[in-house]
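Student:
Protein chains: 2
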Amino acid sequence: MLNVITLAEAEAVARSLGERTKLNTTEVPLSGACGRILAEPLRNKENVPAFRRSTIDGYALFAPDSYGASESSPVPLLITGEVLMGQAAEMKGKKGACVRIPTGGMLPEGYNAVIPVEYTEEDGFGNCLLSKSVSPLENVTNVGDDVKEGETILPAGTLLAPLHIGVLAAAGFAEVPVIKKLKVGVISTGNEIVGVEQNPLPGQVRDVNTHLLSALCEQMHCEVTSYGVIADEKTVFTDTLLRAANENDAVLLSGGSSAGTMDLTAETIDAAGDLFVHGVAVKPGKPTLIGRVGNSAVFGLPGHPAAAYFITLSVVKAFIEAVYGIDMPEKTVTARLTEHVSSNHGREEFLCVSLKNSDATPVYGKSGVISQLTRSDGYLLISRNSEGLAAGTAVTVRLFGEGII
Amino acid sequence: MLNVITLAEAEAVARSLGERTKLNTTEVPLSGACGRILAEPLRNKENVPAFRRSTIDGYALFAPDSYGASESSPVPLLITGEVLMGQAAEMKGKKGACVRIPTGGMLPEGYNAVIPVEYTEEDGFGNCLLSKSVSPLENVTNVGDDVKEGETILPAGTLLAPLHIGVLAAAGFAEVPVIKKLKVGVISTGNEIVGVEQNPLPGQVRDVNTHLLSALCEQMHCEVTSYGVIADEKTVFTDTLLRAANENDAVLLSGGSSAGTMDLTAETIDAAGDLFVHGVAVKPGKPTLIGRVGNSAVFGLPGHPAAAYFITLSVVKAFIEAVYGIDMPEKTVTARLTEHVSSNHGREEFLCVSLKNSDATPVYGKSGVISQLTRSDGYLLISRNSEGLAAGTAVTVRLFGEGII
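Chain order of the listed sequences is A and B.
Note that our numbering has the first sequence beginning at 1, numbered continuously upward.
Note that our numbering has the second sequence beginning at 406, numbered continuously upward.
#1: Looking at A/Val208: is its Cβ nearer than 8 Å to the Cβ of A/Val369?
#2: With distances taken between CB atoms, is the gap from A/Gly93 to A/Pro108 smaller than 8 Å?
#3: Does the beta carbon of B/Ile598 come closer than 8 Å to any beta carbon on chain A?
#4: To the nearest whole angstrom, what separates the beta carbons of B/Thr426 and B/Asp654, a pair I think is in contact under 8 Å?
#5: Under a Cβ-count criterion, where at least 16 other Cβ atoms within 10 Å of its own Cβ denotes burial, should B/Ala413 be classed as buried or exposed?
#6: Is B/Glu623 close to chain A, meaning its C-beta is less than 8 Å from at least one C-beta of that chain?
#7: I need the straight-line Cα distance from A/Leu182 to A/Met106, nearest angstrom please.
#8: Kindly list, in the order they appear in chain A, the residues whose Cβ is closer than 7 Å to that of B/Ile570.
#9: Taking DSSP as the reference, what is the three-state secondary structure of A/Asp274?
#10: Could you say which of B/Lys585, B/Gly684, B/Tyr632, B/Thr557 lies nearest to B/Pro446 if we only look at CA atoms?
#11: So, does the CB of B/Cys627 fall closer than 8 Å to a CB anywhere in chain A?
#12: Can you find at least 3 beta carbon pairs, one from the stretch 188-205 of chain A and one from the stretch 575-583 of chain B, that sit closer than 8 Å?
#13: A/Gly106 touches chain B at which residues, Cβ-Cβ below 8 Å?
#14: Between the Cα of A/Thr80 and the Cα atoms of A/Met91, A/Gly86, A/Ser72, A/Pro74, which residue gives the shortest distance?
#15: Considering only the alpha carbon of each residue, which of A/Val117, A/Tyr67, A/Gly58, A/Pro74 lies closest to A/Ser135?
#16: Under 8 Å, do B/Ala711 and B/Leu778 count as touching if we go by C-beta distance?
#17: What are the start and end residues of the alpha helix (DSSP H) that includes B/Cys622?
#18: From B/Gly699 to A/Gly401, what distance separates their C-alpha atoms?
#19: Pairs of beta-carbons, one from the stretch 213-232 of chain A and one from the stretch 279-293 of chain A, closer than 8 Å: are there three or more?
#20: Put A/Ser314 into one of helix, strand or coil per three-state DSSP.
#21: Is A/Ser16 helix, strand or coil when you go by DSSP?
#22: So the beta strand (DSSP E) A/Ala360 belongs to, where does it begin and stop?
#23: Leaving out five residues on either side along the sequence, give the residues of the same chain with a beta carbon under 7 Å from the beta carbon of A/Asn44.
#24: Going by the beta-carbon positions, is the gap between B/Ile442 and B/Val641 smaller than 8 Å?
#25: Less than 8 Å between CB atoms is the rule here; does A/Val28 satisfy it with respect to chain B?
#26: Please list the partners that A/Leu154 has in chain B, where partner means a Cβ-to-Cβ separation under 8 Å.
#27: With distances taken Cα to Cα, identify the nearest neighbour of B/Leu435 among B/Pro567, B/Cys533, B/Pro479.
#28: So with Cβ pairs under 8 Å, would you call B/Ser436 a contact of chain A?
#29: What's the C-alpha gap between A/Glu46 and A/Glu82?
#30: Note down, in chain order, each residue of its chain lying with its Cβ closer than 7 Å to the Cβ of B/Ala474, except the 5 sequence neighbours on either side.
#31: Go through the stretch 81-112 of chain A residue by residue and report every complete run of the beta strand (DSSP E) that reaches 3 residues or more, in order.
#32: Applying the 10 Å Cβ sphere with the 16-neighbour rule, what's the burial state of B/Gly633?
#33: Starting from A/Phe417, find everything on chain B with Cβ-Cβ shorter than 8 Å and list it in chain order.
Listed below in structure tokens is the structure:
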């Protein structure tokens with residue numbers, strides 16, 4: 001078990017846990033594949049086009065038959081038929097002969113070029129007179145020119161977006177092999193926590209974290225199960241954690257604000273499995289725990305919603321990205337600080353800011369959760385080595401409410 | 406009916422149709438509210454905090470009772486009780502007396518300040534000796550300091566992200582009034598179009614657009630119904646369009662590649678309703694139609710999947726943004742062209758590009774749909790007034806596969 005570590009070290013521990021988390025593959029219909037992650041490279045099942053196709057209106061022929069043709073000495077070829085658009089060319093190509101063909105038409109077997117209609121003339125006796133020679137494959141799209149059979153069209157690990165859905169439709173994938181969603185169990189703890197529909201009595205607060213963390217994890221492509229709010233009581237705590245760890249690939253426990261809850265969480269993880277991280281040098285977010293119970297990763301998150309949000313978007317996101325093998329960057333903008341921000345000497349700090357044009361003004365959380373978050377547009381992370389940031393410093397602001405891509 | 410217009414003009418027509426499309430309100434549980442759009446401003450139902458709260462451990466008192474207290478002449482106040490954490494303060498505050506109070510504890514009615522424990526001493530006879538004076542509201546969070554009752558916490562039209570879900574939980578909204586999803590019907594037309602699960606015969610192609618456009622519209626917060634692939638036949642065409650227009654707020658018809666299909670679509674819209682736009686000066690995407698049938702907006706899109714994609718992300722997106730009153734920016738990066746791109750004299754052009762570091766290389770679509778799209782990372786829009794773009798020009802590339810926010 002490590003002592004207090006940096007945020008980057010905590011993310012590295014989370015990533016290494018994620019790399020060891022294996023998810024099974026499942027098949028979903030194409031209509032449900034958007035937003036899922038491809039489990040294996042998809043190879044094209046056929047050549048596209050599957051046949052030689054003319055790129056112009058003209059006559060399909062065997063190229064060497066045209067050699068030597070010119071306006072002064074046209075070469076005659078017997079017209080033996082016509083290829084129709086959207087139909088297979090059933091005839092076989094014969095030397096010394098040709099067939100009429102439209103743009104997009106299929107070349108008969110044995111033919112390898114098309115002469116444009118403007119370099120020909122029909123003589124009224126069933127012959128086509130060529131006034132120019134053509135080379136093999138001239139005016140022809142060859143088999144597999146778009147995609148060859150067996151060629152990889154999308155690599156494993158692709159996060160499927162609408163455009164990929166179009167590509168899969170074109171390539172004939174009605175069912176798509178995707179990685180099963182990461183199953184995440186969410187547990188809120190604390191004697192003072194009441195349901196959203198309740199009116200908190202003095203000293204009580206509503207359960208924000210179950211809802212906040214569930215929405216965040218669903219946005220990060222996870223399947224979330226809520227285990228509700230449980231009391232700060234060792235037996236209940238242990239039973240719920242073991243059940244959630246058994247039923248999920250990861251468990252997020254978000255504790256009350258008390259130090260006692262963090263200790264209880266740490267002891268429970270340590271007793272039921274392994275505790276790897278006990279405290280992170282970041283403000284807010286110090287009471288962060290990382291461990292494992294059975295095959296499930298376990299994250300103990302701070303009780304304060306803003307802190308739980310920041311740690312989920314750093315440590316838990318690093319874990320999920322490693323499991324899926326994808327990046328989920330937050331949307332950022334560059335802005336200038338409107339006022340001085342003091343430093344924290346040795347621990348990083350998440351700072352809420354409001355944005356106006358390109359000005360970022362710190363929003364401090366003295367007066368409570370709701371107003372701090374609704375008055376902010378995003379947040380920034382101040383380096384642990386920072387000596388404070390002067391007014392006018394350019395900072396990268398990660399945007400709230402813009403989702404994760 | 407307008408003749409060929411610019412892309413910006415087409416987007417303006419779409420926006421004005423969108424502004425006239427009214428969607429009803431529905432209530433959803435908080436767990437299903439992420440990604441939905443708030444139908445009305447949400448006002449806080451209560452003051453937070455709902456009671457005066459101590460920010461420190463100390464003694465709650467009536468501030469004027471402390472005036473004149475100093476280390477050399479401490480003021481004694483009778484200790485009449487203790488406020489417990491998480492419980493209502495049932496006692497009433499009396500002048501000349503005080504009660505013990507913990508951090509976060511509720512101030513008894515009649516008291517208006519808290520003196521820190523370190524400026525006090527208990528005398529063993531039931532009195533607390535104050536060695537300093539405190540002002541009214543000193544060390545107290547007042548009623549409504551976080552949010553006042555009736556204050557707007559989220560405005561109408563907010564696209565709800567995880568953080569908003571947290572704010573709604575804190576404010577006690579278990580049910581959330583949201584705008585009903587825009588209902589979009591998708592129709593693919595063309596005799597040559599076959600299902601994804603089929604092997605296309607020569608001249609046939611698989612139905613890409615139903616899947617591509619459905620995924621795209623779902624990502625843009627719409628509820629999509631597919632009407633399948635219908636033949637280029639007037640009666641079938643009219644019947645399906647009327648049915649889809651009756652059942653949806655918008656209909657996307659994506660035609661085959663032929664000019665005949667575009668004309669049939671235009672005639673059908675004109676006969677059943679109003680046709681506002683017939684052709685847009687953009688490449689690819691010229692055969693774009695905008696009209697209205699009954700209360701439904703109707704968009705005729707090009708048959709080529711890349712063109713249908715580009716027009717959906719410009720014209721149809723402008724419509725959806727206007728309906729919902731939100732912006733859905735595509736994710737962009739700035740890159741430099743690696744080669745010269747020729748101009749189009751008077752019409753805008755969408756150009757696929759592949760990205761490597763910050764270099765953008767044009768990907769032309771000669772060899773077909775699949776390889777063009779899988780070899781590209783995004784696209785750019787070249788202005789109709791451009792005289793061509795030189796190698797090295799900085800361009801804004803809209804990214805494929807990164808979704809819409």
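Ideal Cβ placement from N, Cα and C applies to all residues, glycine included.
Remember, it's a predicted structure, so these values are computed and weren't measured experimentally.
Tutor: This is what the structure gives:
#1: In the first sequence, the residue the question calls residue 208 of chain A occupies position 208. In the first sequence, the residue the question calls residue 369 of chain A occupies position 369. Yes.
#2: For the purposes of this step, residue 93 of chain A is taken as the residue at position 93 of the first sequence. For the purposes of this step, residue 108 of chain A is taken as the residue at position 108 of the first sequence. In this structure, A/Pro108 lies closer than 8 Å to A/Gly93 by Cβ.
#3: Numbered from its first residue, the second sequence carries residue 598 of chain B at position 193. Not an interface residue.
#4: The residue given as residue 426 of chain B occupies position 21 in the second sequence. The residue given as residue 654 of chain B occupies position 249 in the second sequence. Confirmed, Cβ separation roughly 6 Å.
#5: In the second sequence, residue 413 of chain B corresponds to position 8, counting from 1. It counts as exposed.
#6: In the second sequence, counting from the first residue as 1, residue 623 of chain B sits at position 218. Yes, B/Glu623 lies at the interface with chain A (some Cβ there is under 8 Å from its Cβ).
#7: In the first sequence, the residue the question calls residue 182 of chain A occupies position 182. In the first sequence, the residue the question calls residue 106 of chain A occupies position 106. Distance between the alpha carbons of A/Leu182 and A/Met106: 47 Å.
#8: For the purposes of this step, residue 570 of chain B is taken as residue 165 along the second sequence, with counting starting at 1. Ordered by position in chain A, the residues that pass the 7 Å Cβ test against B/Ile570 are His211, Leu212, Ala215.
#9: As a position in the first sequence, residue 274 of chain A is number 274, starting the count at 1. It is a strand residue.
#10: Along the second sequence, one-based indexing puts residue 446 of chain B at 41. That would be B/Thr557, whose Cα lies nearest to the Cα of B/Pro446.
#11: As a position in the second sequence, residue 627 of chain B is number 222, starting the count at 1. False, the Cβ-Cβ gap to chain A never drops below 8 Å.
#12: yes
#13: As a first step, residue 106 of chain A is located in the first sequence; it is residue number 106 there, counting from the start. Note that residue 106 of chain A is Met in the sequence shown here, rather than Gly. Under the 8 Å cutoff, chain B gives Pro607, Gly608.
#14: Within the first sequence, the letter at position 80 stands for residue 80 of chain A. Taking only the C-alpha atoms, the option nearest A/Thr80 is A/Met91.
#15: Taking the first sequence and counting its residues from 1, one reaches residue 135 of chain A at position 135. Of the listed residues, the one whose Cα sits closest to A/Ser135 is A/Tyr67.
#16: Taking the second sequence and counting its residues from 1, one reaches residue 711 of chain B at position 306. Taking the second sequence and counting its residues from 1, one reaches residue 778 of chain B at position 373. Cβ atoms of B/Ala711 and B/Leu778: closer than 8 Å.
#17: One-based indexing of the second sequence puts residue 622 of chain B at position 217. Start and end: 614-624.
#18: Working through the second sequence from its first residue, we reach residue 699 of chain B at position 294. Working through the first sequence from its first residue, we reach residue 401 of chain A at position 401. So the two alpha carbons sit approximately 36 Å from each other.
#19: no
#20: Counting from one through the first sequence, the residue named residue 314 of chain A turns up at place 314. Correct three-state label for A/Ser314: helix.
#21: Position 16 of the first sequence, counted from the start, is the residue given in the question as residue 16 of chain A. Here A/Ser16 sits in helix by DSSP.
#22: For the purposes of this step, residue 360 of chain A is taken as the residue at position 360 of the first sequence. Residues 359-362.
#23: Looking up residue 44 of chain A in the first sequence gives position 44. Taken in chain order, the residues that qualify are Val147, Lys148, Glu149, Gly150, Glu151, Ile153, Ala171.
#24: Here residue 442 of chain B corresponds to residue number 37 of the second sequence, with the count starting at 1. Here residue 641 of chain B corresponds to residue number 236 of the second sequence, with the count starting at 1. Not closer than 8 Å, so no.
#25: Mapped onto the first sequence, residue 28 of chain A falls at position 28. Not closer than 8 Å to any Cβ of chain B, the Cβ of A/Val28 fails to qualify, so no.
#26: Here residue 154 of chain A refers to the residue found at position 154 of the first sequence. Result: Thr779.
#27: Taking the second sequence and counting its residues from 1, the one referred to as residue 435 of chain B is at position 30. That would be B/Pro567, whose Cα lies nearest to the Cα of B/Leu435.
#28: On the second sequence, position 31 is the one that residue 436 of chain B refers to. Interface residue, yes.
#29: Residue 46 of chain A sits at position 46 when you count from the first residue of the first sequence. Residue 82 of chain A sits at position 82 when you count from the first residue of the first sequence. Near 26 Å, if we compare the C-alpha coordinates of A/Glu82 and A/Glu46.
#30: As a first step, residue 474 of chain B is located in the second sequence; it is residue number 69 there, counting from the start. Val480, Leu535, Ser536, Lys537, Ser538.
#31: 97-101
#32: Taking the first residue of the second sequence as 1, we reach residue 633 of chain B at position 228. The residue in question, B/Gly633, is exposed, as its Cβ has fewer than 16 Cβ neighbours within 10 Å.
#33: Residue 417 of chain A lies beyond the range of chain A shown here (1 to 405); nothing can be said about it.
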